[in-house]
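Asks:
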Amino acid sequence: MPRVLSQETEPVNADSFLDIVASVVCIMLIMVVMVGMRIRNTPVDPMLSSEAAEAHAALEATVAEERSLRGEMAKILRDIRSLEEETAVRAVERDALAIGVAVLEQELSQRRSEMDAQTQARFDAAKQLAEARRRLDELRDQKRRLETARPEAIVVESYPTPLGRAVDDEELHFHLRQGRVAHVPIEKLVRLARDDARRKADQLLERDGVPEFTEAVGPEGGFRFRYTVQRHDTIEEQPGGLAIRHIGLRITEWTVIPVGGQIGETVDEALAPNSAFRRALAQRKSDKTTITIWVYADSFDAFRRLRKELHQLGLGVAARPLPEGVMIAGSPKGSKSLAQ
Numbered sequence: 026m027p028r029v030l031s032q033e034t035e036p037v038n039a040d041s042f043l044d045i046v047a048s049v050v051c052i053m054l055i056m057v058v059m060v061g062m063r064i065r066n067t068p069v070d071p072m073l074s075s076e077a078a079e080a081h082a083a084l085e086a087t088v089a090e091e092r093s094l095r096g097e098m099a100k101i102l103r104d105i106r107s108l109e110e111e112t113a114v115r116a117v118e119r120d121a122l123a124i125g126v127a128v129l130e131q132e133l134s135q136r137r138s139e140m141d142a143q144t145q146a147r148f149d150a151a152k153q154l155a156e157a158r159r160r161l162d163e164l165r166d167q168k169r170r171l172e173t174a175r176p177e178a179i180v181v182e183s184y185p186t187p188l189g190r191a192v193d194d195e196e197l198h199f200h201l202r203q204g205r206v207a208h209v210p211i212e213k214l215v216r217l218a219r220d221d222a223r224r225k226a227d228q229l230l231e232r233d234g235v236p237e238f239t240e241a242v243g244p245e246g247g248f249r250f251r252y253t254v255q256r257h258d259t260i261e262e263q264p265g266g267l268a269i270r271h272i273g274l275r276i277t278e279w280t281v282i283p284v285g286g287q288i289g290e291t292v293d294e295a296l297a298p299n300s301a302f303r304r305a306l307a308q309r310k311s312d313k314t315t316i317t318i319w320v321y322a323d324s325f326d327a328f329r330r331l332r333k334e335l336h337q338l339g340l341g342v343a344a345r346p347l348p349e350g351v352m353i354a355g356s357p358k359g360s361k362s363l364a365q
């Protein structure tokens, strides 16, 4: 039979346990100190420092701006309060003046009512005399100003006696609108229209039912020429009872159409040497050439300047006024220009 061995267990010592715990705590403290020293000795990242500096500078700028805005707001509030106080003072003064005027008017009315008829008459006469004297002083001042002021000289321009004559000689035509003058080559445009009509005469000769047609030529010198051609038949009686039919063409009406909104040159430019206006004048065939100016209502002042220059050159001038929106036009039944 086996023998049971008895084992005796040594009891745990409490002081030994406390020593172990204290050792562990000391080790942990030593590790914390070492980590702290390592962190303290680690160099600071320069990028983080610059970003922090920029953020700090931005914060300071924002704070300074906020302080400035607060100061401006406080100043504005002080100005508003000052204006309100000044307005209140002015209102009180205005009311006081109104009351004073009312009181004076009431006293004056009361004094007049207390006067007898003769005194009132003397009072009214004195008042009228004072008003008359004031008016006399004003008239004297006005007379003095008129005497000292120098009147503007009135320039009277003299032109030849305005006796008109019908123009049968050569004409030079000019278009004057918005203060700009341009030469209108009507003779050249008429020649172009006749040549164009001869080329297109078959439209009338081959078709009896078409009595006329309208076409346009140009531009020439800044103008187009719209014309209307009409068929013109004549019968010539021959001996022996024969009749010959002659078919002809004639321009019945024409219109000059400006190509652009502003054509030509200003009056100052036209009166200068070597201008287009003077070159057109140099093309005249004789001194008897009449200068016909088709002028609109907005350019009468410019027309007077041109007329003065043309009269100094010894040229006859014919004015053909045109309403706004109406273009230069003519026909065999139209009137001739009158030159002065």
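Quick note: to get this note's numbering, add 25 to the position in the sequence shown (first position is 1).
Cβ coordinates follow ideal geometry from the N, Cα and C atoms, glycine included.
Computed from a predicted model, the values in this text were never measured in an experiment.
1. Smallest Cα separation from residue 322: which of 283, 133, 312, 200?
2. Counting Cβ pairs, one atom from each stretch, are 3 or more of them under 8 Å apart for the region 243-263 and the region 215-226?
3. Assign residue 202 to one of two classes, buried (16 or more other C-beta atoms within 10 Å of its C-beta) or exposed (fewer than that).
4. Any idea what DSSP makes of residue 223, helix, strand or coil?
5. Can you give the Cα-Cα distance for residue 135 and residue 147, rounded to whole angstroms?
6. Report the CB separation of residue 317 from residue 197 in whole angstroms; it is logged as a contact under 8 Å.
7. Judging by CA-CA distance, which residue of 354, 345, 349 is the nearest neighbour of residue 282?
8. So for residue 196, helix, strand or coil by DSSP?
9. Residue 205 and residue 341 - do their beta-carbons sit closer together than 7 Å?
10. For residue 65 and residue 76, what's the separation of their Cα atoms in angstroms?
11. Per DSSP, what kind of secondary structure is residue 338 in: helix, strand or coil?
12. Excluding the 5 residues flanking residue 166 on each side, which residues of the same chain have their C-beta closer than 6 Å to its C-beta?
13. Could you give the residue range of the alpha helix (DSSP H) that holds residue 292?
14. Apart from the five residues on each side of it in sequence, which residues of its chain come closer than 7 Å, Cβ to Cβ, to residue 291?
15. Could you tell me the distance, in whole angstroms, from the CA atom of residue 103 to the CA atom of residue 90?
16. Using DSSP with H/G/I as helix, E/B as strand and the rest coil, what is residue 191?
17. From residue 301 to residue 237, what distance separates their C-alpha atoms?
18. In this structure, does DSSP put residue 308 in helix, strand or coil?
19. Looking only at DSSP bridge pairs, what is residue 81 linked to?
20. Can you tell me where the beta strand (DSSP E) with residue 314 in it begins and where it stops?
21. Compute the distance between the beta-carbons of residue 195 and residue 310, then report whether it is under 7 Å.
22. Classify residue 117 as helix, strand or coil using the three-state DSSP reduction.
23. Exposed or buried, which one is residue 208 when buried takes at least 16 other CB atoms within 10 Å?
24. Output needed for residue 352: all residues of its chain with C-beta closer than 8 Å, excluding positions within five of it in sequence on either side, in chain order.
25. Roughly how many angstroms separate the alpha carbons of residue 85 and residue 100, rounded to a whole number?
26. Hey, how far is the Cα of residue 53 from the Cα of residue 88?
27. Please report how far the alpha carbon of residue 222 lies from the alpha carbon of residue 275, in whole angstroms.
28. Nearest to residue 213 by alpha carbon, out of 239, 336, 248?
29. Check whether the Cβ atoms of residue 278 and residue 253 lie closer than 7 Å to each other.
Replies: Taking the structure as given:
1. Residue 322 sits at position 297 when you count from the first residue of the sequence shown. Per the Cα distances, 200.
2. These segments touch.
3. Within the sequence shown, the letter at position 177 stands for residue 202. Here residue 202 is buried, its C-beta having at least 16 other C-beta atoms within 10 Å.
4. Within the sequence shown, numbered from 1, the residue matching residue 223 stands at position 198. Helix at residue 223.
5. As a working note, residue 135 is residue 110 in the sequence shown. As a working note, residue 147 is residue 122 in the sequence shown. Rounded to whole angstroms, residue 135 to residue 147 spans 16 Å at the Cα level.
6. The count along the sequence shown starts at 1 and reaches residue 317 at position 292. The count along the sequence shown starts at 1 and reaches residue 197 at position 172. Right, the Cβ-Cβ distance comes to about 7 Å (below 8 Å), so this counts as a contact.
7. Start at 1 with the first residue of the sequence shown, and residue 282 comes out as number 257. The shortest CA-to-CA distance from residue 282 to any of 354, 345, 349 is the one to 354.
8. Reading the sequence shown from its first residue, position 171 is the one you call residue 196. Under the three-state reduction of DSSP, residue 196 is assigned to strand.
9. Residue 341 sits at position 316 when you count from the first residue of the sequence shown. Residue 205 sits at position 180 when you count from the first residue of the sequence shown. Cβ atoms of residue 341 and residue 205: not closer than 7 Å.
10. Start at 1 with the first residue of the sequence shown, and residue 65 comes out as number 40. Start at 1 with the first residue of the sequence shown, and residue 76 comes out as number 51. As the crow flies, the alpha-carbon of residue 65 is around 21 Å from that of residue 76.
11. To locate residue 338, count along the sequence shown from 1; it is residue 313. The three-state reading of DSSP puts residue 338 in coil, since its state is none of H, G, I, E or B.
12. Reading the sequence shown from its first residue, position 141 is the one you call residue 166. Here the set comprises nothing.
13. Position 267 of the sequence shown, counted from the first residue, corresponds to residue 292. Counted as a single uninterrupted DSSP element, the alpha helix (DSSP H) harbouring residue 292 occupies residues 292-296.
14. Translated into the one-based positions of the sequence shown, residue 291 becomes position 266. For residue 291, where only same-chain residues beyond five positions count, the Cβ hits under 7 Å are 204, 205.
15. As a working mapping, residue 103 is identified with position 78 in the sequence shown. As a working mapping, residue 90 is identified with position 65 in the sequence shown. Cα-Cα distance, rounded: 20 Å.
16. Against the sequence shown, residue 191 aligns to sequence position 166. Confidence is the limiting factor: at residue 191 the pLDDT is only 48, short of 50, which leaves the residue's position unreliable and the question unanswerable from this model.
17. Sequence index remark: in the sequence shown, residue 301 carries index 276 (1-based). Sequence index remark: in the sequence shown, residue 237 carries index 212 (1-based). Cα to Cα, residue 301 sits roughly 37 Å from residue 237.
18. Residue 308 sits at position 283 when you count from the first residue of the sequence shown. Judged by DSSP in its simplified three-state form, residue 308 adopts coil rather than helix or strand.
19. One-based indexing of the sequence shown puts residue 81 at position 56. Answer is none; residue 81 lacks a bridge partner.
20. Reading the sequence shown from its first residue, position 289 is the one you call residue 314. Unbroken run through residue 314: none, as it is neither H nor E.
21. Stepping through the sequence shown from its first residue, residue 195 is reached at position 170. Stepping through the sequence shown from its first residue, residue 310 is reached at position 285. One thing to note: residue 195 has its Cβ within 7 Å of the Cβ of residue 310.
22. As a position in the sequence shown, residue 117 is number 92, starting the count at 1. DSSP places residue 117 within a helical segment (H, G or I) once states are collapsed to three.
23. Counting from 1 along the sequence shown, the entry for residue 208 is found at position 183. By the Cβ-count criterion, residue 208 is buried, with 16 or more other Cβ atoms from all chains shown falling within 10 Å of its own Cβ.
24. The count along the sequence shown starts at 1 and reaches residue 352 at position 327. The residues are 280, 281, 282, 283.
25. Locating residue 85 in the sequence shown gives position 60, where the first residue counts as 1. Locating residue 100 in the sequence shown gives position 75, where the first residue counts as 1. Cα to Cα, the separation comes out at about 23 Å.
26. Position 28 of the sequence shown holds residue 53. Position 63 of the sequence shown holds residue 88. If you draw a straight line from the Cα of residue 53 to the Cα of residue 88, it is about 46 Å long.
27. Here residue 222 refers to the residue found at position 197 of the sequence shown. Here residue 275 refers to the residue found at position 250 of the sequence shown. When the Cα atoms are used, residue 222 and residue 275 turn out to be separated by approximately 9 Å.
28. Within the sequence shown, numbered from 1, the residue matching residue 213 stands at position 188. Of the listed residues, the one whose Cα sits closest to residue 213 is 248.
29. As a working mapping, residue 278 is identified with position 253 in the sequence shown. As a working mapping, residue 253 is identified with position 228 in the sequence shown. Against a cut-off of 7 Å, the Cβ pair of residue 253 and residue 278 comes out as a contact.
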